[in-house]
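Undergrad:
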Amino acid sequence: MTNKLKGILLSLALLTQLAVFPQSQHILLEWKLAPESDVPGVAVLSSPQFQTGNWVDAIVPGTVFHSYVAAGREENPDYGENIYKVDQSKYNKPYWYRTKFSGEEFASGKQVWLSFHGVNKRAEIFLNGKPVASITGLMRRAKFNITQQLNKNTNVLLVLIVPPLYKATHGQGLANREAPSYLSSAGWDWMPAVPGYNSGITDNVTLTTTGNVSVEDPWIKTALPDRKRADLVIEANLRNAADRTVSGVLSATINPGNIKVSRLVTVDANGTINVAFNKDTFPQLSLQNPRLWWPNGYGGKSDGTQHLYTCKLEFRENGVTSEVLTKTFGIRKVSADTTSLNGPLRLYINDVPILVKGGNWGMSDYMLKVRGKDYEPRIRLHKEMNYNMIRNWTGEVTDEAFYDYCDRYGIMVWDDFWLNNFGPIDSLEVFRVNAIQKVKTFRNHPSIVIWCGANEGVPGGDPDGSLNMAIKNAVLENDLTDKLYIPRSNAGITNPNFSIQGGSRNFSGSGLWGNVDPRTYFTDPHNGYLFSKDSWGMRSELGMATFVNAESFKKFMPKEYWQPPTPESVDSKTNMWARHFFSTHGELGGGATPVRYINDIKQSYGPSNSLEDFCRKAQLLNLETMKAMYEAWNDHMWKDASGMLIWMSQSAYPSMIWQTYDYYFDLTGAYFGAKSGCEPIHIQWNPATSSVKVINNKPYTLNKLIAEAEVYNLNGRKVPSYDKRKVLDVPATSATEAFIALQQGDETSFSDVYFLKLKLKDSKGKLLSENLYWIGKKYQDYNRLNDLPSVKGMLSVGKPRIGTAVNKVNKVLSYTVRNRSTKAAAFGIRAQLLRPDGSQILPAIISDSYFALMQGESKELKIEVEPSLLVSGYRLALEPYNDK
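Read in order, the letters of the sequence shown correspond to residues -22 to -1, 1 to 862 in mature numbering (1 follows the signal peptide of the UniProt record, and there is no 0).
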């Protein structure tokens, strides 16, 4: 549960919410769910004696449809075409949520508050048969004092959820007319339409008790004149629920540091006042040598997490606590310019230029079932890929836990509002209120660095129009200039639609969304629209199809499809390939160009004789292509390139496109390509120029680094005539050329496919980065890999050394793997942790996979996993490409 929220704690196992009150008072709320059309009216439903035996247990926070899936009322929607067979009309209508609680549980003399933190799309709220309010919007917070409406014994709370598009008169779709909403819930080119459009009580409902005065909307503002000093301003609203004036003391305590401030405050009867603390009155709020928040890879704690502070706010009346709450915040400075690179936006954190590397999230899950700790492995995997940013595309993620884990792991958030392209929307006022609530709810999170008005268009089509100004003012009035505000995700506000030609080149467009050969990423950065070229810049979307491994494929695809895809089979709108968005048709993932993907695998690696064969070849293309995307931006660092986000890094629905890890947490080759290409300190090869560069993302110079290159033939033996080595200094946040790896005539003694291995070491010989490329004498022809001698049984694995991870919970298994073959390299080695029955242990954080070992070479492999996943036993499984 987040620090802001008190009261009901979600227990998914019990499908209940638990309300926690002062003095350890607890109330267990059991939510039930039924269609409005199937049950009586409010008066009958509000009777404590009403029986809900045939109602469904409701998951709160959650959606109507997911509650029915969890209750077994629908077939697994992940599998096959099950979700397409659901009767949409069953869910595209209003549903009642109902719960009961006892008034006897509340302490005498306390104010009792009922709070909502988000619904989709409209909620009509009734307590004991009387209307409380109507609220609309997925970020709409509402807080009601229900003290006088409570019964001493049983209280019945009813919430009627009205879904998006219900009896809509605008005649348009979910995007954008129904904004704010979860726009992709009506279907996108990567996920199906969800019955009910993900309607439900989609965020927490809380019951809390306070004294007469409650503390609301805390805001900790941080200014960083330089990295040695931070000036803080603490603000909060105090609301007095009493019919008399109340005086008391508001105090704030900041930790670490145990910095305390307090002041006497008087609040008028039934009034609200804003109270602020600043360094002019409280000099202790000017912090010396603050612990700064940094993007992943640029700084932070030794355990890989970031420095965070807490601010505890407490109001006391006559020495008795009325309310206390705690907010987490971070200290950092966000700035940007478009002048240093002559057009493209360059982002700075704490005055250090940041090469943005990350991915887009379309959704956390297509049924919104990711909650709380479910975000931890997803954000952690982004950290392990060495990412420093996630874009919350069209604001589809609304859970505070997402931001909490981004704060913790140093993942910057580019946070969109709920618009695709221009609009228009159905209600400007509803949108405006939700925009303000979004900013107020999340503004203390240091991870958020960009607010963005719309995907691929200026809100409303006019930067000075009412819609864009509503968003801009919501940001300026409630977050000042702590973060950037950009109206449009892929270009400047004066540019024609889908073009970077115009008044600015702040962003370099969006796309391509399908793979091209690695060399092209280094030489031709054109995007998905015809009007743009010649700019790497800041790219908000760049993607590729990403086929999964066979184990995952078989979880969601029927057995008759367990075969390699063909150009003919994916040219469909209705077969199972199309149902999981591996189709030539644009609305079904056609932008990922699956035919090119299939043909490129065949051309580079030969025909596939089985699904398993195709999957293992696909992982090699995934790795090579994804790595090339990031390395191309590295190569052009500050020479126009300032950042790139792939489309997408997170899997919200089982598919074969746009992901790094898949829906089940299996790590594809794309994951390891990103992990390599995004290393903070990295050595890499340009396939177009053969230049080897050292990439330093650190805010300090690296002196006397040693860059080395070796070539190995397919037999896994080093080519003795080839050797490159250079000692060099690499300035902070820069790309520095070490040498040209391959020149004309070098390939004479190389096999038709050979391996280029790069190593970067510090002055003492410690390995900082290692990178391997497989190269064909004929560009991208790797068919000779199929002739590699088998290394079956030739990989030795030592007994694992078991340790505890830095989070002091997870276990880390360390293995030494050696290639004992005297005939060949062991190539494309996939590493997995399996149970004795052969099933995968997921999620697991694996240090490397799809790697190669030359003759006699060894590698240290580390796997981090939650201890509960190991109780039934485990073993390391290694599958080389040439294991036959």
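We put the CB at the ideal spot given by N, CA and C, even for glycine.
Return the CA-CA distance between residue 360 and residue 630, expressed in angstroms with no decimal places.
TA: Here residue 360 refers to the residue found at position 382 of the sequence shown. Here residue 630 refers to the residue found at position 652 of the sequence shown. Going from the Cα of residue 360 to the Cα of residue 630 covers about 15 Å.
Undergrad: Starting from residue 44 and walking both ways along the alpha helix (DSSP H), at which residues does that stretch end?
TA: On the sequence shown, position 66 is the one that residue 44 refers to. Run containing residue 44: 42 to 48, per the alpha helix (DSSP H) assignment.
Undergrad: Determine, using beta carbons only, whether residue 92 and residue 210 come nearer to each other than 7 Å.
TA: Within the sequence shown, the letter at position 114 stands for residue 92. Within the sequence shown, the letter at position 232 stands for residue 210. No.
Undergrad: Given a threshold of 16 other Cβ atoms within 10 Å of its Cβ, counted over all protein chains shown, does residue 298 qualify as buried or as exposed?
TA: Sequence index remark: in the sequence shown, residue 298 carries index 320 (1-based). Counting Cβ neighbours within 10 Å, residue 298 comes out exposed, since fewer than 16 surround it.
Undergrad: Along the chain, where does the alpha helix (DSSP H) containing residue 471 start, and where does it finish?
TA: In the sequence shown, counting from the first residue as 1, residue 471 sits at position 493. Per DSSP, residue 471 belongs to no alpha helix (DSSP H) and is neither H nor E.
Undergrad: List, from N- to C-terminal side, the beta strand (DSSP E) runs of 3 residues or more that fit wholly inside the region 189 to 218.
TA: Entirely contained in the region 189 to 218, the beta strand (DSSP E) runs reaching 3 residues are, in chain order, 191 to 204, 207 to 218.
Undergrad: What number of angstroms, rounded off, separates the C-alpha of residue 225 from the C-alpha of residue 213?
TA: One-based indexing of the sequence shown puts residue 225 at position 247. One-based indexing of the sequence shown puts residue 213 at position 235. Computed Cα separation, rounded: 18 Å.
Undergrad: What three-state label does DSSP hand residue 376 in the structure shown?
TA: Working through the sequence shown from its first residue, we reach residue 376 at position 398. Three-state result, residue 376: coil.
Undergrad: Which partner residues does residue 789 have in the DSSP bridge list?
TA: As a working note, residue 789 is residue 811 in the sequence shown. 782, 843, per the DSSP bridge assignment.
Undergrad: What span of residues does the alpha helix (DSSP H) with residue 598 cover, start to end?
TA: The sequence position of residue 598 within the sequence shown is 620, counting from 1. Its alpha helix (DSSP H) spans residues 589 to 613.
Undergrad: Ends of the beta strand (DSSP E) at residue 301?
TA: Within the sequence shown, the letter at position 323 stands for residue 301. Looking at the DSSP string, the run of the beta strand (DSSP E) that includes residue 301 is 298 to 307.
Undergrad: Taking the C-alpha atoms as reference points, what is the distance between residue 250 and residue 158?
TA: In the sequence shown, counting from the first residue as 1, residue 250 sits at position 272. In the sequence shown, counting from the first residue as 1, residue 158 sits at position 180. For residue 250 and residue 158, the distance between alpha carbons rounds to 28 Å.
Undergrad: Does the distance from the C-beta atom of residue 107 to that of residue 20 stay below 7 Å?
TA: Numbered from 1 along the sequence shown, position 129 holds the residue referred to as residue 107. Numbered from 1 along the sequence shown, position 42 holds the residue referred to as residue 20. A contact, by the Cβ cut-off of 7 Å.
Undergrad: Would you mind reading off the limits of the beta strand (DSSP E) that contains residue 702?
TA: On the sequence shown, residue 702 is found 724 positions in, with the first residue counted as 1. 702 to 708 is the span of the beta strand (DSSP E), which, as asked, contains residue 702.
Undergrad: Apart from the five residues just before and just after residue 382, which ones in its own chain have a Cβ nearer than 8 Å to its Cβ?
TA: On the sequence shown, residue 382 is found 404 positions in, with the first residue counted as 1. These residues qualify, in order along the chain: -21, 306, 353, 423.
Undergrad: In the DSSP assignment, find the beta strand (DSSP E) that holds residue 630 and state where it starts and stops.
TA: Residue 630 sits at position 652 when you count from the first residue of the sequence shown. Neither: residue 630 is in no beta strand (DSSP E) and is coded neither H nor E.
Undergrad: Specify, as a first and last residue, the run of the alpha helix (DSSP H) that residue 555 falls within.
TA: The sequence position of residue 555 within the sequence shown is 577, counting from 1. From DSSP, the alpha helix (DSSP H) with residue 555 extends over 554 to 557.
Undergrad: Using three-state DSSP, classify residue 255 as helix, strand or coil.
TA: As a first step, residue 255 must be located in the sequence shown, where it is residue number 277. Strand at residue 255.
Undergrad: Should residue 706 and residue 713 be called a contact, given that it needs their Cβ atoms to be closer than 7 Å?
TA: The sequence position of residue 706 within the sequence shown is 728, counting from 1. The sequence position of residue 713 within the sequence shown is 735, counting from 1. No.
Undergrad: Quick one: what's got a C-beta closer than 8 Å to residue 385's C-beta in the same chain, skipping five residues either side?
TA: Position 407 of the sequence shown, counted from the start, is the residue given in the question as residue 385. Contacts found: 271, 284, 286, 306, 308, 423, 424, 425.
Undergrad: Might you give, ordered along the chain, the residues of its own chain that have their beta carbon closer than 8 Å to the beta carbon of residue 417, omitting 5 neighbours on each side?
TA: Residue mapping note: residue 417 aligns to position 439 of the sequence shown, counting from 1. The answer, listed in chain order, is 429, 452, 453, 456, 457.
Undergrad: Under 8 Å, with one C-beta from each stretch per pair, do the region 820 to 833 and the region 641 to 657 reach the 3-pair mark?
TA: Enough Cβ pairs lie closer than 8 Å, so yes.
Undergrad: Give me the residue from 438, 553, 642, 636 with the minimum Cα distance to residue 155.
TA: The sequence position of residue 155 within the sequence shown is 177, counting from 1. If we check each option's Cα against that of residue 155, 438 comes out closest.
Undergrad: Comparing C-alpha positions only, which one of 378, 526, 31 sits nearest to residue 599?
TA: Along the sequence shown, one-based indexing puts residue 599 at 621. Considering only alpha carbons, the answer is 526.
Undergrad: Look at the alpha carbon of residue -16 and the alpha carbon of residue 135, and state the distance between them as a whole number of angstroms.
TA: Indexing the sequence shown from 1 puts residue -16 at position 7. Indexing the sequence shown from 1 puts residue 135 at position 157. A caution first: residue -16 carries a pLDDT of 32, below 50, which makes its placement in the model too unreliable to give a value.
Undergrad: Using CA atoms only, rank isn't needed, just tell me which of 523, 402, 763 is closest to residue 148.
TA: By 1-based counting over the sequence shown, the position of residue 148 is 170. Nearest option by C-alpha distance: 402.
Undergrad: Please confirm whether residue 72 and residue 138 have their CB atoms less than 7 Å apart.
TA: What you label residue 72 is simply residue 94 of the sequence shown in a count that begins at 1. What you label residue 138 is simply residue 160 of the sequence shown in a count that begins at 1. Yes, Cβ-Cβ distance for residue 72 and residue 138 is below 7 Å.
Undergrad: Alpha carbon to alpha carbon, how far is residue 222 from residue 244?
TA: As a first step, residue 222 must be located in the sequence shown, where it is residue number 244. As a first step, residue 244 must be located in the sequence shown, where it is residue number 266. Their Cα atoms are separated by approximately 11 Å.
Undergrad: Could you check where the alpha helix (DSSP H) with residue 498 kicks off and where it finishes?
TA: The residue you call residue 498 lines up with position 520 of the sequence shown. Counting along the chain, the alpha helix (DSSP H) containing residue 498 begins and ends at 496 to 501.
Undergrad: Counting only the same chain and skipping the five closest in sequence on each side, list residues whose C-beta sits under 8 Å from that of residue 450.
TA: Position 472 of the sequence shown, counted from the first residue, corresponds to residue 450. Excluding positions up to five away in sequence, the list reads 431, 463, 465.
Undergrad: Would residue 769 and residue 729 qualify as a contact pair, given that the criterion is a beta-carbon distance under 7 Å?
TA: For the purposes of this step, residue 769 is taken as the residue at position 791 of the sequence shown. For the purposes of this step, residue 729 is taken as the residue at position 751 of the sequence shown. Not in contact: residue 769 and residue 729 (Cβ atoms no closer than 7 Å).
Undergrad: For residue 821, which residues from the same chain have a beta carbon less than 6 Å from its beta carbon, with the 5 sequence-adjacent residues on both sides left out?
TA: Taking the sequence shown and counting its residues from 1, one reaches residue 821 at position 843. 355, 643.
Undergrad: Between which two residues does the beta strand (DSSP E) harbouring residue 810 extend?
TA: Your numbering for residue 810 matches position 832 in the sequence shown. That run of the beta strand (DSSP E) goes 804 to 812.
Undergrad: Is the beta carbon of residue 531 less than 7 Å from the beta carbon of residue 610?
TA: As a first step, residue 531 must be located in the sequence shown, where it is residue number 553. As a first step, residue 610 must be located in the sequence shown, where it is residue number 632. No, Cβ-Cβ distance for residue 531 and residue 610 is not below 7 Å.
Undergrad: Report the rounded CA-to-CA distance for residue 603 versus residue 851, giving the unit in angstroms.
TA: Counted from its first residue, the sequence shown places residue 603 at position 625. Counted from its first residue, the sequence shown places residue 851 at position 873. Spanning the two alpha carbons is a distance of roughly 35 Å.
Undergrad: Assess contact between the region 360 to 370 and the region 263 to 277, defined as three or more Cβ pairs (one per stretch) separated by less than 8 Å. Is contact present?
TA: Cβ pair count under 8 Å is three or more, so yes.
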